[in-house]
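In what follows, a single structure is set out as structure tokens and then discussed.
The following block contains the structure:
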């Protein structure tokens with residue numbers, strides 16, 4: 001996750017879309033970049049989850065996810081706007097230090113979505 005352009009995108013606001021790619025039909029939820037906590041040492045993203053029940057249900061059979069992130073505030077490959085696909089494995093946590101930190105910042109959450117990042121690919 002030490003891609004400089006990706007880290008620059010993550011400093012700006014924009015949508016984050018989370019897709020369970022192997023579910024049928026695929027589940028899809030959205031959040032905001034500013035809600036995502038990055039752990040650069042372990043290549044993990046933490047995302048507060050108020051709902052995300054469909055994603056959680058899909059993880060019972062396959063925890064593979066793709067996330068899309070982007071912002072028009074960063075220069076991309078073709079001009080203004082940069083975006084990425086993030087590939088990884090997801091799980092939900094509901095206790096522990098990370099959960100407590102996220103719950104303090106976002107009191108409306110029920111769990112935290114944890115994504116172990118396998119690959120980041122710039123798309124635009």
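In my numbering, the protein residues as written are 1 to 124. Heads up, the beta-carbon is just placed ideally off N, CA and C, and yes, glycines get one too.
At the C-beta level, residue 84 and residue 112 stay beyond 8 angstroms of one another. Residue 82 is not a Cβ neighbour of residue 88, given a cutoff of 8 angstroms. One alpha carbon belongs to residue 6, the other to residue 18, and they sit about 16 angstroms apart. Counting only the Cα atoms, residue 35 lies some 24 angstroms from residue 60. When secondary structure is reduced to three states using DSSP, residue 54 falls in the helix class. Beyond the five residues adjoining it in sequence on each side, residue 3 comes within less than 6 angstroms, by CB distance, of 120 in the same chain, given in chain order.
In this structure, DSSP gives residue 97 a helical state, which the three-state scheme calls helix. In this structure residue 46 is buried. Its beta-carbon is surrounded by 16 or more other beta-carbon atoms within 10 angstroms. Take residue 10, set aside five residues on each side of it, and the residues of its chain with a beta-carbon closer than 8 angstroms to its own are 33, 36, 38, 69, in chain order.
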